[in-house]
Structures are given as C-alpha cells and as structure tokens.
Amino acid sequence: MLTDDERSELDSLLELNADLFALTRPATPHAKHQIDTGNHAPIAGPPYRVSPAKQRLLRSEVDYLLSEDIIEECESPWASPEVLVPKPDGSQRLWIDYRKLNAITRPDVCPLPRVEELLHSTGNAKYITTLDLWSGYYQIKMYKVGIGGNQVLVYLDDLIILSATVSPHLADLKSCFDRMRQFKLRMNRSKCHFGCLETCNWYRRFIPKFAEITRPLTSLTKKDAAWDCGSS
0 MLTDDERSEL
10 DSLLELNADL
20 FALTRPATPH
30 AKHQIDTGNH
40 APIAGPPYRV
50 SPAKQRLLRS
60 EVDYLLSEDI
70 IEECESPWAS
80 PEVLVPKPDG
90 SQRLWIDYRK
100 LNAITRPDVC
110 PLPRVEELLH
120 STGNAKYITT
130 LDLWSGYYQI
140 KMYKVGIGGN
150 QVLVYLDDLI
160 ILSATVSPHL
170 ADLKSCFDRM
180 RQFKLRMNRS
190 KCHFGCLETC
200 NWYRRFIPKF
210 AEITRPLTSL
220 TKKDAAWDCG
230 SS
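To convert, note that position 87 of the sequence shown is 86 in numbering that gives the first Met the number 0; the numbers rise steadily by one, no gaps.
In structure tokens, the structure reads:
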C-alpha cells in the first residue's frame, strides 16, 4: 500500500501526463499493419440481420468512427459482417466477424509469451502497474493497398510495470509515459491500475480463497463504503 506521500507523487505524475489519457488522438505514425492474404480471392459475406434498435446503434458507432478518422468509406470486393456484443456495463461493442478472413490470412510466426512465464518473471516485484491502451485496435494505421474493408489493427494493448520499490516504480512509469508520448499512443484511464489491491489480484490464481481473503479491501471499493481505521 502506498503511503500518503507516495500516493501524492503518483497523482502528480498522472496529472503531468493527463494528455496520454485523452479520448481522442491521432494514430501513431510509427507503424502500419497489413493483412497478408496472399493471392486468395476476396472474401465477402452478407450482413447479419439485426433489430431496428441495433441498426441505430450500429449507425451511431460507424458515424463516430468516421468522425474520428478511424475508418473511411470505400468500395471493395472484401466484406465482413458486423455484430454488436454486450459489454459488462450493459452497453454494446461493435465487432467485425473476421473468421473467414482469418482462415485465409497467412499467420504471423512471431510467438507470444506465455502468461505463466510472465508471472515467473515478476520475481520480487512489490509494486505493479498495469496499463491498457485506449481502443488499441484503432491506434495503428493500415496500409491502403490490400486492406479491403478491414479496420481491426493490433493484437495486444496491455502493459505491465514491475518494480521492487516505489521510487524506481515511479521512474519506470514516467519512462513508459515518455515512450507513449513519443509514439503518440493513448491509454484508457479506467482500465489502468495503480494500487495494492490490483497488485494482489495479479496472483489470485495461485492463492486459495483469494476473494475471501481480500474481501475487507474489496468492500472498501464500493460506493459510500465507510472507512474505520480504528483508534490506533
């Protein structure tokens, strides 16, 4: 748990880098993505049937993406149907069903690290920060040649910062923010975690009855929860 002084220092760092959590920002100019389908003929499929209410939601989301210059209108022999998927907060997320496109795409041979190996690499880290890129799929441009009608852009959009003590952790966090600014990337503040409980939560799969053990802490995260620090 951070002390009051350490929390104040962290808050100051976040305030100085508030621009990295902006809701609108141009895509990074330092990378572009291309889907390699070889010489395969274009894949096209009809749109799924949706209710009038969902049609309005789809139109609203498409209009937003157009206004933010994330997508653009085009004529193409490639077409994949869209689908609305419910989010935990009850809102809807626009997804594109790229299963047919994925089936003909040449795979990227770069292997992803295993989660178990990443956990072992944490070593003696006592302070952990997790960062999530805001709509990471939209922050990398695609090559105009051969992209068809595709808009999904990147695969991984999560970062983790590990440090043994507070001072190096804040320095590492600042270095990470500097790199984010250099590459013009933005983060989702609501999905970034800077605290003790999130640190513990990283290890929940290895701790029996984790929810029961941490209930005194999680109960304090509820709205209007009463804090009683005792008489000491």
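All residues carry an ideal CB built from backbone N, CA and C; glycine is no exception.
Small disclaimer: the values here were computed from a predicted structure and weren't measured.
Residue burial classification, residue i (beta-carbon count within 10 angstroms, cutoff 16)
{"i": "Ile34", "result": "buried"}
{"i": "Gln138", "result": "buried"}
{"i": "Arg185", "result": "buried"}
{"i": "Asn149", "result": "Residue placement at Asn149 is poorly supported in this model, since its pLDDT is 40, which falls under 50; the coordinates still yield a value, given next. Asn149 is buried by the Cβ-count criterion."}
{"i": "Ala26", "result": "buried"}
{"i": "Leu118", "result": "exposed"}
{"i": "Ser50", "result": "exposed"}
{"i": "His29", "result": "exposed"}
{"i": "Val144", "result": "The pLDDT assigned to Val144 is 47, lower than 50, so where the model puts this residue is not dependable; a value taken from the coordinates is nonetheless given after this. Exposed is the call here."}
{"i": "Ser120", "result": "exposed"}
{"i": "Leu15", "result": "exposed"}
{"i": "Trp77", "result": "buried"}
{"i": "Trp94", "result": "exposed"}
{"i": "Leu83", "result": "buried"}
{"i": "Glu74", "result": "exposed"}
{"i": "Leu172", "result": "buried"}
{"i": "Leu100", "result": "buried"}
{"i": "Glu116", "result": "exposed"}
Residues sharing a beta bridge with residue i, DSSP
{"i": "Tyr126", "result": "Ser162"}
{"i": "Asp157", "result": "Asp131"}
{"i": "His168", "result": "Answer by DSSP bridge pairing: none, since His168 is not bridged."}
{"i": "Met186", "result": "Leu132"}
{"i": "Phe176", "result": "Partner(s): none; Phe176 has no beta bridge."}
{"i": "Phe193", "result": "Thr128"}
{"i": "Arg139", "result": "The identity of residue 139 in the sequence shown is Ile, whereas the question assumes Arg. Answer is Thr27, bridged to Ile139."}
Short CB-CB distance (under 8 Å) between residue i and chain D
{"i": "Cys109", "result": "Although the question refers to chain D, the structure presented lacks it and comprises just one protein chain."}
Cβ-Cβ separation, residue j to residue i (assumed contact under 8 Å), whole Å
{"i": "Glu72", "j": "Leu57", "result": "At roughly 15 Å, the Cβ-Cβ gap does not stay under 8 Å, so Glu72 and Leu57 are not in contact."}
{"i": "Ala124", "j": "Ser162", "result": "6 Å"}
{"i": "Ser79", "j": "Asp62", "result": "In fact, because the Cβ distance is near 19 Å, the residues do not count as touching under 8 Å."}
{"i": "Leu111", "j": "Leu12", "result": "No, Leu111 and Leu12 are not in contact; Cβ-Cβ is about 30 Å, not under 8 Å."}
{"i": "Leu1", "j": "Val165", "result": "7 Å"}
*So does the region 184-194 actually touch the region 128-138, counting three or more Cβ pairs closer than 8 Å?*
Here the region 184-194 lies against the region 128-138, with 3 or more beta-carbon pairs under 8 Å apart.
*Hey, which unbroken runs of the alpha helix (DSSP H) at 4 residues or more fall wholly within the region 0-55?*
With a minimum length of 4 residues, the unbroken runs of alpha helix (DSSP H) contained wholly in the region 0-55 fall at 3-15.
*Using 8 Å as the Cβ pair cut-off and three pairs as the minimum, do the region 157-173 and the region 84-102 touch?*
By the Cβ test, the region 157-173 is not in contact with the region 84-102, since fewer than three Cβ pairs between them sit closer than 8 Å.
*asked:* Assess contact between the region 1-12 and the region 36-45, defined as three or more Cβ pairs (one per stretch) separated by less than 8 Å. Is contact present?
replied: By the Cβ rule, the region 1-12 does not count as touching the region 36-45, because fewer than three pairs are nearer than 8 Å.
*Would you call the region 12-21 and the region 171-182 in contact, with 3 or more CB pairs under 8 Å?*
Counting Cβ pairs under 8 Å, three or more are found: they touch.
*Which runs of the beta strand (DSSP E), 3 residues or longer, sit entirely within the region 73-123?*
With a minimum length of 3 residues, the continuous beta strand (DSSP E) runs that stay inside the region 73-123 are 81-85, 91-95.
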